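Q:
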Amino acid sequence: MKKIVNKTVNLDLVGKDGNAYVIMGLFGSQAKKEGWTREEIDAVIEEAKSKDYNYLLATIMNHCEVKEN
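Start counting at 1 in the sequence shown, then tack on 7, and there's your number in our numbering.
1) With 16 other CB atoms within 10 Å as the buried threshold, where does T44 fall?
2) Taking 8 Å as the cut-off, decide whether the C-beta atoms of Y60 and A27 are in contact.
3) If we count the other Cβ atoms within 10 Å of its Cβ and call it buried at 16 or more, is A65 buried or exposed?
4) CA-CA distance, D49 and M31?
5) Under three-state DSSP, which class holds V51?
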């Protein structure tokens, strides 16, 4: 799967609520904290919503990378 935006956010979705809206909200909030533009965030979320739940999850996870502090 290709990245919609060639960036990742520091976000670990393991153990989080699996609701699609929660996942998109967590991603959007973290991306905003890390300086992503509204257009970049919207592009990832719109692509994630374009198919089924599994595609949504894969798309969001493709833009997340857990970074050690």
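A virtual CB, placed ideally from N, CA and C, is assigned to each residue, including glycine. From a predicted model like this one, the values you see are computed outputs, not experimental measurements.
A: In short:
1) Within the sequence shown, residue 44 is the residue found at index 37, counting from 1. Answer is exposed; the Cβ neighbour count stays below 16.
2) The sequence position of residue 60 within the sequence shown is 53, counting from 1. The sequence position of residue 27 within the sequence shown is 20, counting from 1. Contact: yes.
3) In the sequence shown, the residue the question calls residue 65 occupies position 58. Exposed is the call here.
4) Within the sequence shown, residue 49 is the residue found at index 42, counting from 1. Within the sequence shown, residue 31 is the residue found at index 24, counting from 1. Taking the straight line from one Cα to the other gives about 10 Å.
5) If you number the sequence shown from 1, residue 51 lands on position 44. Reduced to three states, the DSSP call for V51 is helix.
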